[in-house]
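In what follows, a single structure is set out as structure tokens and then discussed.
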Amino acid sequence: MSSPSHGASVSITPFIRIGIDIGGTFTDLQILDERDGALRSLKTPTTPEDPSIGLLAGLREAADRHGFALSDIRLLLHGTTIATNAVLERRLARGVLLTTAGFEDVLEIGRHSRRDIYGLKPAHEAPLIPRDRRLGVPERIRADGGVERAPEPAAIAALIDRLAALEAEAVAVCLLNAHVNPAHEQLLARALRQARPDLPVCLSSEISPEIREYERSSTTVLNTLLMPVVGAYLQRLTGRLAEAGIGARLLLVQSNSGVCGAETAALQPARLLLSGPSGGALATLRMAEALARPNLLGVDMGGTSYDVCVVRDGAVTRMTQGEIDHLPVRLPMIEIRTIGSGGGSLASVDEAGRLKVGPRSAGSRPGPACYGRGGTEPAVTDANLALGRLDPRFFLGGAMPLDAAASARAVAEHVGAPLGLETPAAAAGILAVTDTNLAAAARLSLFEKGLDPRDFSLLSFGGAGGLHAIPVAEELGIPEVIFPADASTFSAFGILHSDIVHDVARSRVMPAAPESLPRIGDFLDALRQQGAALLDADGVAPADRRLAVAADLRYRGQAFELVTPWEEPAAEPAALERLLAAFHAAHRQRFSYSNPEAPVELVALRLSATGLLARAEARRAPGRGAERAPEARRVWLGDGWREVPVHQRERLTGRIAGPALIEEEYTTIYLGPGWDCAPGPEATLIARRAGTEAAR
Amino acid sequence: MSPSLDPVALEILRNALTAAAAEMDVTVWRTSRSTIVRELLDYSTAIFDAEGYNVAQSARIPQHLNSMSTGLLTVVRDFLPLDGWGDGDVVITNDPYCGGQHIPDILAFRPVYAEGRRVAIVGTLCHHLDMGGMAAGSYAAAATEVFQEGLRIPPLKLVKGGVLNEDVLAMMRQNVRRPDMLWGDLQAQLASLSVGEANLRKLAGRVGAATLVEACARILDGSERAMRAMIGRIPDGRYEFEDFLDDDGIDPEPIRIHAAVEVKGEEMVIDLSGCGRQAVGPVNATLASSGSAVSYAVMAIADQEIPPTAGCYRPVTVIAPEGSIVNARHPAPVANRVAVSHRLATTLLGALHQAVPDRVPAAYYGVSYVCSFQTIGADGERGVLVEIEVGGSGAHADTDGLSGYTYGMHNNSNIPVEMIESELPLTLTGYGLLPDSGGAGRQRGGLGLFREWRIDSVEAIFTANLERFRFRPYGLEGGEPGRAGALWLIRDGERRPLGSKVNNLRLMKGDVIRLETSGGGGYGRPEDRAEAARRTDRALGYVTA
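Chains as they are written, first to last, in the working numbering: chain A, 1 to 696; chain B, 697 to 1241.
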């Protein structure tokens, strides 16, 4: 398995670290040799029926190609869409939900409100656990944690007896006010584990101990139904790794952009729901550090979607609740805004004469008209091709010739004719609408935090990102755009540089005032102990530990809290004062006003326990060769066709001015007029609007 | 066509305006204080052109959104002409007879200026927890004059040139049950307006004031064109339908709602002359409110997406005689105006079903189940909870109705049980779907639900404004109506029925109020229901028989 020239026998400690990002089509690997920092990448087809097969194939290929033994692999960092896809495709376990009696339907009723307000036929999915498998437990805990009614052992036994007939594969437990007092949930868990040790059990007080019963139920149910699915996958994967003689430590990327061990992932798989896009956020964060750009807007544009994440003051912005397929997931996760806009998004004109792009997508079958697979409607890729921004001979490095005439035909017929526009103007219109949609998504991501786009640089990756990044930056007023190397395996690069992160929280509404300091002190102690225990279990040395505390604060009466970082947290009046001052300032920045006199409530304390993995500096090969005399081709630039130079990225050494196109194997960069571009550190290309200075 | 405004540029501006309304929406949501705004989401935000015509909406509440333009136009026509507005002003009103709908809803508007001219107006409507009056929540079921329903604020400048009028605010605070909530939610409204104003000013700066104004005009024209085309595809004819409101809370007689929809080419005339006379009790609507129901129904039957703006209203003429329940005369009480709107919507949809049968489902529950509790502690401390619940939606020709899902004129969330219990001396003793409440049919109506509140304080005062206890949500094409709603007082283990309108009922510690909401109507004959669907209904307990 190892190449003879690189005998594994000579190395004593394993030295290979691999970041793996499994996408729908490709499994991307980034391979780091920790001895010399050499960084290599590899793409291998994904095996959707069992992604661990493709993963192993990728590892073998990497070992063969780069001359190391499988036993040299020290660390495997794995981003996975296994949980996400299981939910989207409803390939989930058959679950039973135990609730407080009288509230069995909370999961089905949800929160009522609809998104399409004029539609008479709203889309509404069936609940993940149907009504006949939601069982009421005769018990009640009050909002203050007091017990109004304790569950009778006989009643519990009767419920457990029904699980077999219901063919339960996993049991979710979500009782009212369990976030205040988990005693009844724990009682049920003990009884369940004793009677049915074969059944995975998940308690709401463990996975999401926060107020609002529907959101907590939804999170608990998702987690429960994923436990057998993710557990089985991890078992297969670890089995295959062992068979192949790989003793590497396996860590999985969580939605919060940190990694966790396989045991944690199997127990709390809902924490993996944003594992995929987390890689992109991690890569954005890594670039922010490497390039000393603390404010970075990361945009990932592929065939069907556009993902936006924000790195602000050197940290990825996170949220305490998100959703998947309209189902709330209340767990800390990186904040990713996704819109259905990509290279395959289709353009059309409705009868009111509105030009619309997306969210309908041509997908890969039939794909854009230019793929020649039967597509007749124009996709964004067709518009780019019709305007000369893509080279029909050089798509995917020339692996797939494109039919430019088909693109022009599709644009003319479906957009040009109905709007009375010539084909180039129609194609330019498709791109303009696309770019404003992308910019609106990015703007909203910044707006929601009260941030100004002019303080940010834009980091563009994903196969379709390069053609749209400059127009989007123009639209947003962002003066600098960064194009990383290996844009198409960029997420794996991020994963390679992740750390272990455990998020733990204690939720209880109390005044953020001195009288609460004793309880705050208890919570801080409990959180620190819990964080330390988790890092102990991961074997993180004391020097590599970082604990960060934040408080969820709100003005009394508000429903939503601002997660406010608490520097030097302590149960002391001065520390509390500092926290409150930070909250008022954050509220003013985010919402345009603050009420320093108004009473403030503390709703939760959070602790992020980070275990730093050894930083290994990566070293990329420098650009090769002198700049070749560029080619040129006809490109439409708003007012007419112009000859525009076309550069090969790997040959760029100096500054070039827009308009220009820069081609690389899997992507093309469009550099608009008024912008120039030059190679930057970390093998990036950095484009700036002419007349603007380098990064702040 | 101005060169800067090709179809693409126009679409881009439209998206920017809609995004501005959405950003205003987020601001209200995240900063508001009362459960009715922040959990129930009873508010809306919108953008208007320089004259007050609605050009973009947030995805909130149809009842609000299509009345805000009428409200704003009334304010500037009859009370505060636009030439007297200035930069940094905020104009508010809640007066049903000055463009508002009912007392709890405060409308707030702020003009946007660029290049020395007014280019747009931004607006926010919030349903406030309490505005005073004879019952908590300003939702008295027994009012006979608007004066009893709460504090009326005529159109006035709460903020002038950026300076808050503290005197007006003090006056308002003095007259309501929870001044802290009022001010908290008002601040959320003001913050949302400043966010909207800043956004639009930036937009005008980018494209130019003249272009923005031109874009607004073209957006209105575009909606009108789409609306005309849509109406043009509906077969010409006159379609009539009637439905009934149970009563007005004072007079036990049912109230007739009747609509005659005349479709002629690309226009529609909606004649509401057959509706009952204005009611003695608070089940009345002003024209702003009734017009909103008409707009909703017509926009909802569109077979293609139409951008919802004031341009949609142009091809539709509404005839509503003054002094009728759909166009009440001052000082008629109007707290429960939404009951009229819901019934207008079900009536209009019933009429339109005759014209476009495959698009219109059977009747939804058609009530905002408003229940308000004022708890009174041993020390006299008062808490206020306003709940708005929903029922089941009507079945379509090919799908069952949805259970416990917000539909039609309103679009509220529910309030989490744990949120209520952590803030007020109330315990919820049950919340769930109501088996057998959906109308039978080939397609079954959605289920209504039940909700039970137990009083844990020494005493409490309860008010309810409900409907559909007598006249059930209709079925179509042989489908049966949904079950009627009900309200119970459970005291010492004994269940007593309450009527649909309850005014300031005194409750004691341990009392339980149980609400049962209507299911939706069924579609098609029940005997044609597929056997598999029947089995599922029984297995899941949606149907017990």
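Heads up, the beta-carbon is just placed ideally off N, CA and C, and yes, glycines get one too.
Given the structure is predicted, the values throughout are model-derived calculations rather than measurements.
Looking at the structure shown, is A/Phe456 part of a helix, part of a strand, or coil, going by DSSP?
In the three-state reduction of the DSSP assignment, A/Phe456 falls in the coil class.
If the cut is a Cβ gap below 8 Å, which residues of chain B does A/Gly429 touch?
The answer, in chain order, is Asp702, Pro703 and Val704.
Near-chain A residues of the stretch 911–932 of chain B - C-beta to any C-beta below 8 Å:
Going along the stretch 911–932 of chain B in chain order, one finds Gly918, Ser919, Arg921, Ala922 and Ala925 with a Cβ nearer than 8 Å to chain A.
Are any of the Cβ atoms in chain A nearer than 7 Å to that of B/Thr1043?
Closer than 7 Å: no.
What whole-angstrom Cβ distance do B/Gly754 and B/Ser988 have, given they're in contact under 8 Å?
Per the sequence shown, residue 754 of chain B should be read as Ser rather than Gly. Taking a contact as a CB-CB distance under 8 Å, the pair B/Ser754 and B/Ser988 does not count as one, their CB atoms being some 15 Å apart.
Would you kindly check if the distance between the Cβ of A/Gly303 and the Cβ of A/Gly342 is under 7 Å?
Contact annotation: A/Gly342 and A/Gly303 have beta-carbon atoms nearer than 7 Å.
Rounded C-alpha distance that separates B/Glu1223 from B/Ser1214
Rounded to the nearest whole angstrom, the C-alpha separation of B/Glu1223 and B/Ser1214 is 22 Å.
How is the alpha helix (DSSP H) around A/Val221 delimited, first residue to last?
For A/Val221, the enclosing alpha helix (DSSP H) has its first and last residue at Glu213 to Glu243.
So with CB distances below 8 Å, who are the chain B contacts of A/Asn437?
Contact annotation for A/Asn437 against chain B: Asn711 [CB-CB distance below 8 Å, chain order].
Give the range of the beta strand (DSSP E) segment to which B/Leu1203 is assigned.
That run of the beta strand (DSSP E) goes Lys1197 to Met1204.
Fully enclosed by the stretch 832–899 of chain B, which beta strand (DSSP E) runs are 3 residues long or longer?
Counting only runs that start and end inside the stretch 832–899 of chain B, the beta strand (DSSP E) elements of at least 3 residues fall at 852–856.
Skipping 5 residues on each side, what residues in its chain have a beta carbon closer than 7 Å to that of A/Leu282?
Answer for A/Leu282: Ser257, Gly494, Ile495, His497 and Ser498, listed in chain order.
Give me whichever residues DSSP pairs with B/Phe1069 in a beta bridge.
DSSP lists B/Leu1081 and B/Phe1158 as partners of B/Phe1069.
For a test of the three-state rule: what should DSSP assign to A/Gly353, helix, strand or coil?
Here A/Gly353 carries a coil assignment [DSSP, helix/strand/coil].
Could you check the C-alpha separation between B/Gly1181 and B/Arg1192 for me, to the nearest Å?
Within the model, the alpha-carbon separation for B/Gly1181 versus B/Arg1192 is close to 14 Å.
Give every residue of the same chain whose Cβ lies closer than 7 Å to the Cβ of B/Asp1188, excluding the five residues on either side of it in the sequence, and list them in chain order.
Excluding sequence neighbours, B/Asp1188 sits near nothing in its chain.
If I'm right that A/Cys370 touches A/Asp391 with Cβ under 8 Å, what's the distance once you round it to whole angstroms?
So it is not a contact: roughly 12 Å between Cβ atoms.
May I ask you to verify whether the stretch 821–833 of chain B touches the stretch 917–932 of chain B, counting CB pairs closer than 8 Å and requiring at least 3?
Because the criterion of three Cβ pairs below 8 Å is not met, the stretch 821–833 of chain B and the stretch 917–932 of chain B do not touch.
Cutoff 7 Å: B/Ile708 Cβ touching any chain A Cβ:
Yes, its Cβ sits closer than 7 Å to a Cβ of chain A.
Let me see if you follow: with CB-CB separation under 7 Å, is A/Ile478 close to chain B or not?
Under the Cβ distance rule, A/Ile478 does not count among the residues neighbouring chain B, no pair being separated by less than 7 Å.
I need the DSSP call for A/Ala614, collapsed to helix, strand or coil.
It is coil, neither helix nor strand.
If you pair each beta-carbon of the stretch 1227–1234 of chain B with each one of the stretch 1161–1172 of chain B, do three or more pairs fall below 8 Å?
In the pairwise beta carbon analysis, the stretch 1227–1234 of chain B is classified as not touching the stretch 1161–1172 of chain B: fewer than three pairs are separated by under 8 Å.
With DSSP as the reference, please indicate the residues paired to A/Leu547 in a beta bridge.
For A/Leu547, which the question treats as bridged, DSSP gives the partners A/Ala609.
Spatial distance of A/Trp641 from A/Asp307 (CA atoms):
Between A/Trp641 and A/Asp307, the C-alpha separation is close to 32 Å.
Give a yes or no on contact between the stretch 288–298 of chain A and the stretch 676–694 of chain A, applying the rule of three or more CB pairs nearer than 8 Å.
Yes, since at least three Cβ pairs between the stretch 288–298 of chain A and the stretch 676–694 of chain A fall closer than 8 Å, the two stretches touch.
What are the uninterrupted segments assigned as alpha helix (DSSP H) that are 4 or more residues long and contained completely in the stretch 974–1044 of chain B, given in chain order?
Positions of the alpha helix (DSSP H) runs, each at least 4 residues long and wholly inside the stretch 974–1044 of chain B, are given as 983–996 in order along the chain.
Range covered by the beta strand (DSSP E) that runs through A/Leu42:
Its beta strand (DSSP E) spans residues Ala38 to Pro45.
Compute the Euclidean distance between the alpha carbons of A/Met301 and A/Thr667, then round it to the nearest angstrom.
Distance between the alpha carbons of A/Met301 and A/Thr667: 11 Å.
I need the straight-line Cα distance from A/Pro622 to A/Phe395, nearest angstrom please.
Confidence at A/Pro622 is low in this model, with a pLDDT of 43, below 50, so the placement of that residue should be treated as unreliable; the coordinate-derived value is given next. One C-alpha to the other measures close to 24 Å.
Determine the DSSP secondary structure at B/Ala1136, reduced to helix, strand or coil.
Correct three-state label for B/Ala1136: coil.
Using a C-beta to C-beta distance shorter than 9 Å, which residues of chain B count as neighbours of A/Pro332?
Taking a Cβ-Cβ threshold of 9 Å, none of the residues of chain B is close to A/Pro332; the smallest such distance is about 18 Å.
Contiguous beta strand (DSSP E) assignments of at least 3 residues, all confined to the stretch 909–965 of chain B:
Fully enclosed beta strand (DSSP E) runs of 3 or longer: 933–941 and 951–960.
A/Phe493: first and last residue of the uninterrupted alpha helix (DSSP H) it sits in
Taken as a continuous stretch (DSSP letters only), the alpha helix (DSSP H) holding A/Phe493 covers Phe490 to Leu496.
To the nearest angstrom, how far is the alpha carbon of A/Thr489 from that of A/Ala574?
Approximately 47 Å between the Cα atoms of the pair.
What separation, rounded to the nearest whole angstrom, lies between the Cα atoms of A/Arg624 and A/Cys677?
Because A/Arg624 carries a pLDDT of 38, less than 50, the predicted location of this residue cannot be relied on, and no value is offered for it.
Which one of B/Leu908, B/Glu735 and B/Leu968 has the shortest CA to CA distance from B/Ile743?
B/Ile743 has its Cα closest to that of B/Leu908, out of B/Leu908, B/Glu735 and B/Leu968.
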